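Colleague:
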Amino acid sequence: QRIKAVKLRWTQAWRRMNKKGKVDESAKKRTRKAAKFQKAIVGMSLDDIKKKKAMKPELRQQAKEASAKEAKARQTKTKAAPKAKSGAAAPK
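Dropping the structure here:
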């Protein structure tokens, strides 16, 4: 059986496999790191996003609580409305 050319140190195949020679390409190729940037998303412009990011955490928490309270009030209002309609429809 033959010995593979890649296994013999003095062959071109071995040198190619083990990256010997080609001195001019000794420096590794550098890859570019992707630059980060912000993009507007659906329902929110870039300015809005930047404003929210710049806001202090306490203010952001307060705004979050206020919007949650408002949403809860809206939900209770919508729950109460169908009950009134169903009550009116029952006597017929």
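Numbering (my numbering), first residue to last: 134 to 225. We put the CB at the ideal spot given by N, CA and C, even for glycine. None of the values given here were measured: they were computed from a predicted structure.
Terminal residues of the continuous alpha helix (DSSP H) containing LEU179?
Modeller: Unbroken alpha helix (DSSP H) run through LEU179: 179-187.
Colleague: Taking the straight line between their C-alpha atoms, what separation do you get for LYS189 and LYS205?
Modeller: Roughly 24 Å between the two C-alpha positions.
Colleague: Can you find the residues in the same chain that come closer than 7 Å, C-beta to C-beta, to MET150, ignoring five residues on each side of it along the sequence?
Modeller: Only VAL139 meet the Cβ criterion.
Colleague: Provide the residue(s) that pair with ILE174 in DSSP beta bridges, ordered along the chain.
Modeller: Answer by DSSP bridge pairing, in chain order: MET177.
Colleague: Classify LYS137 as helix, strand or coil using the three-state DSSP reduction.
Modeller: Looking at LYS137 - three-state DSSP - the assignment turns out to be coil, as it is neither helix nor strand.
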